[in-house]
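Student: In the working numbering, the protein residues as written are 59 to 435. We put the beta carbon where it would ideally sit given N, CA and C, even for glycine. Have a look at this one.
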Ligand SMILES: C[S@@+](CC[C@H](N)C(=O)[O-])C[C@H]1O[C@@H](n2cnc3c(N)ncnc32)[C@H](O)[C@@H]1O
């Protein structure tokens, strides 16, 4: 899935090798800011190492947990088709089910503006808070009904619960009518109308089938664990055999603003949303010191103190030059040099500027990322 700051490409470009070199057979690999879970999953699927994945956001640990918490595959056929059939039935039976399916069948670029208005009005009448919040905006009413029904039909405590939840989150991320993140949906009355239509026509059932069956085949070599928590608190529980992976936010805008739709699915509740971005209120979204420019450096220094105290090895990735939260790879290296032995590598990365702005910067830029390995002296 698309994720701001994902390290998926860096893993193949040297980061994977650096991690592999540093793992210790007696210790764990602890991905403190797991995000899309790409690094945690890579390590757990390729090395005989117990992986711990944590993040402030529930959807992030749901994604990682679906892979790293199992040490064998899961048989999709024994639960997937009946789960999906139950969800389709629930969507059809919803009070707006038939009308939502009718709107879905008639979506056309020539009429998309009027259809989007109708889609919002129809979704607003639904008794599901997920459909009311996002139907007619990030998803068509029928897509929103299906996503909600898939989420609600997951059997708590079943052995497939976590795979199903991660599959719903991945499906939402693949189909959402926005440029990868959910800060703003595409608008029907702008040049983005064709993208809105393309997204609304995506087949939720086909996507969830592919995501769930793919996740079933993936698993850790050694069972790990994923949970929601603050990186600085998790770092206090490390030991000298552990390797901590540190990939904090670069942006002064909180991740929770960009991924609230995924978070709502992971939590299973939405709450009140407002505005064109359909965000829940700031108080109900996780906020990070790393995205507050005046506090990010202190947060990072405290994290380094925790690592130093534990004696763990740390691998940090960060853009070399200053980011909008006022941290930079250079600054981090300087902060660490007083207490750690530091090894530096560099990687040229394609980086999302969160949509950019057409006058001043492109939506994607090449930036140099530093990979900084720290060992206590
Ligand atoms: C750059 S992304 C990580 C990307 C990840 N390595 C990947 O490959 O997808 C940063 C992540 O840090 C999380 N985060 C922000 N502040 C945090 C904190 N104080 N503790 C734990 N996670 C935090 C965000 O929710 C976000 O998922």
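1. Assign residue 375 to buried or exposed, taking buried as 16 or more other Cβ atoms, counted over all protein chains shown, within 10 Å of its Cβ.
2. Just list the alpha helix (DSSP H) runs in the stretch 165 to 206, keeping only unbroken ones of 4 residues or longer that don't cross its boundaries, in chain order.
3. Would DSSP call residue 285 helix, strand or coil?
4. Taking the alpha carbon of residue 162 as the point to measure from, which residue in 62, 320, 380 and 255 has its own alpha carbon closest?
5. Quick check on this structure: which residue in 312, 128 and 316 has the alpha carbon closest to the alpha carbon of residue 349?
6. Would the beta-carbon of residue 88 fall within 8 Å of that of residue 292?
7. May I have the straight-line CA-CA distance separating residue 472 from residue 230, to the nearest angstrom?
8. For residue 403, write down the residues that DSSP places opposite it in a beta bridge.
9. Since residue 248 sits in a beta bridge, which residues does DSSP pair it with?
10. Note the first and the last residue of the continuous alpha helix (DSSP H) segment covering residue 139.
11. What do you reckon, are the CB atoms on residue 308 and residue 377 nearer than 8 Å?
12. Secondary structure at residue 414, three-state DSSP: helix, strand or coil?
13. Please indicate yes or no: does the CB of residue 289 lie closer than 7 Å to some heavy atom of ligand 1?
14. Does DSSP put residue 308 in a helix, a strand or coil?
15. By DSSP, does residue 340 sit in helix, in strand, or in coil?
16. Around the Cβ of residue 173, are there at least 16 other Cβ atoms within 10 angstroms (buried) or fewer (exposed)?
17. Under the criterion of a Cβ to heavy atom distance below 7 Å, does residue 91 qualify as lining ligand 1?
18. Could you say which of 433, 402 and 83 lies nearest to residue 72 if we only look at CA atoms?
19. Name, in chain order, the residues that DSSP records as bridge partners for residue 375.
20. With residue 358 as the anchor, note down where its alpha helix (DSSP H) starts and where it stops.
21. Look at the alpha carbon of residue 297 and the alpha carbon of residue 127, and state the distance between them as a whole number of angstroms.
22. Does the Cβ of residue 415 have 16 or more other Cβ atoms within 10 Å, making it buried, or fewer, making it exposed?
23. Under a three-way DSSP split, which group does residue 322 fall into?
Tutor: Straight from the coordinates:
1. buried
2. 170 to 182 and 187 to 192
3. strand
4. 255
5. 312
6. yes
7. In the structure as shown, the chain starts at 59 and stops at 435, and residue 472 therefore has no counterpart that could be examined.
8. 429
9. Note: residue 248 sits in no beta bridge, so no partner.
10. 138 to 151
11. yes
12. The predicted model places residue 414 with a pLDDT of 48, which falls under 50 and marks its position as unreliable, so this point remains unresolved.
13. yes
14. coil
15. helix
16. buried
17. yes
18. 402
19. 429
20. 354 to 368
21. 21 Å
22. Note that residue 415 scores 47 on pLDDT, short of 50, meaning its location in the model is unreliable and no value can be drawn from it.
23. helix
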